[in-house]
Amino acid sequence: MAEDEAIQPPVQPNVPGEGIHSFNEVVPGLAKREVAQAIAGDTDVDDLLEAARVVCFRGEGFPRVDDHTGHILCPTSYTREQPPIVVYLDLAHELVHVRQVHDGQQVYHFPEAYVDWPTEQEAYRITYEEAKRLGLSDEWFWRYLSVPWIEDTEIATLARAIGMPESGIPTGEEREDSKARH
Numbered sequence: 012m013a014e015d016e017a018i019q020p021p022v023q024p025n026v027p028g029e030g031i032h033s034f035n036e037v038v039p040g041l042a043k044r045e046v047a048q049a050i051a052g053d054t055d056v057d058d059l060l061e062a063a064r065v066v067c068f069r070g071e072g073f074p075r076v077d078d079h080t081g082h083i084l085c086p087t088s089y090t091r092e093q094p095p096i097v098v099y100l101d102l103a104h105e106l107v108h109v110r111q112v113h114d115g116q117q118v119y120h121f122p123e124a125y126v127d128w129p130t131e132q133e134a135y136r137i138t139y140e141e142a143k144r145l146g147l148s149d150e151w152f153w154r155y156l157s158v159p160w161i162e163d164t165e166i167a168t169l170a171r172a173i174g175m176p177e178s179g180i181p182t183g184e185e186r187e188d189s190k191a192r193h
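For the sequence shown, the numbering used here begins at 12 and goes up steadily by one.
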């Protein structure tokens, strides 16, 4: 999404390169954002952010959470190629999974469809709410949901599950015109 370059997140992600970094180092100031409390839930925000680690490694792909360590695994190519607003929202999304792992939740729910996983629905709902606070449109967020591992037909299911109004969910040709963000 070319217009993403013009959208600046309220907290600028700072990925220092390969290695293990504290979340606070990578996304400084997140604790002051309303989204931090939404992510933390019943967990203390400062404790969650202090304990969270981002493991940056040379490679391709997208950020994800190691369901054993609770660390966010983040390819350096991703942080170089994606606009800051997408990196910010993706890291917030992954921080939800960090909290879920620390809470003892099963983050991955194979063989269920990805869009039906309660952990993904929670993470995308919190990310959607932050996008709305930032003034991003439902159309923008629809494109944000357009990732390689979600079938086009499943995006509407996920959009409904996270509370996106029906008016924000493209249909027919609108859906075809929607370009994937990645």
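All C-beta atoms, glycine included, are put in the ideal place defined by N, C-alpha and C.
Same chain, Cβ closer than 8 angstroms to Arg171, neighbours up to 5 away in sequence not counted: Against the sequence shown, residue 171 aligns to sequence position 160. For Arg171, where only same-chain residues beyond five positions count, the Cβ hits under 8 angstroms are Glu177, Ile180.
The region 36-51 touching the region 135-153, judged by at least three CB pairs closer than 8 angstroms: The region 36-51 vs the region 135-153: in contact.
4-residue-minimum alpha helix (DSSP H) runs that sit fully inside the region 119-161, ordered along the chain: Unbroken alpha helix (DSSP H) stretches of 4 residues or longer found wholly inside the region 119-161: 129-144, 149-156, given in chain order.
For Ser11, the first and last residue of its enclosing beta strand (DSSP E): As displayed, the chain neither begins before 12 nor continues past 193, which places residue 11 out of reach and without an answer.
Cα-Cα separation, Gly28 to Glu61: Here the question's residue 28 lines up with position 17 in the sequence shown. Here the question's residue 61 lines up with position 50 in the sequence shown. The alpha-carbon atoms of Gly28 and Glu61 are separated by roughly 19 angstroms.
Start-end ranges of the alpha helix (DSSP H) lying completely within the region 18-73, minimum 4 residues: Counting whole runs of 4 or more residues, the region 18-73 contains the alpha helix (DSSP H) stretches 34-37, 45-51, 56-62.
The alpha helix (DSSP H) enclosing Pro95, as first and last residue numbers: For the purposes of this step, residue 95 is identified with residue 84 of the sequence shown, where counting begins at 1. In the DSSP annotation of this structure, the continuous segment of the alpha helix (DSSP H) that includes Pro95 starts and ends at 95-113.
Nonlocal neighbours in the same chain, by C-beta distance under 7 angstroms from Arg110, ignoring five residues either side: Position 99 of the sequence shown holds residue 110. Correct list, in chain order: Ile50, Ala51, Gly52, Thr54, Leu59.
Residue range of the unbroken alpha helix (DSSP H) whose run includes Ile166: Locating residue 166 in the sequence shown gives position 155, counting from the first residue. Per DSSP, Ile166 belongs to the alpha helix (DSSP H) from 163-172.
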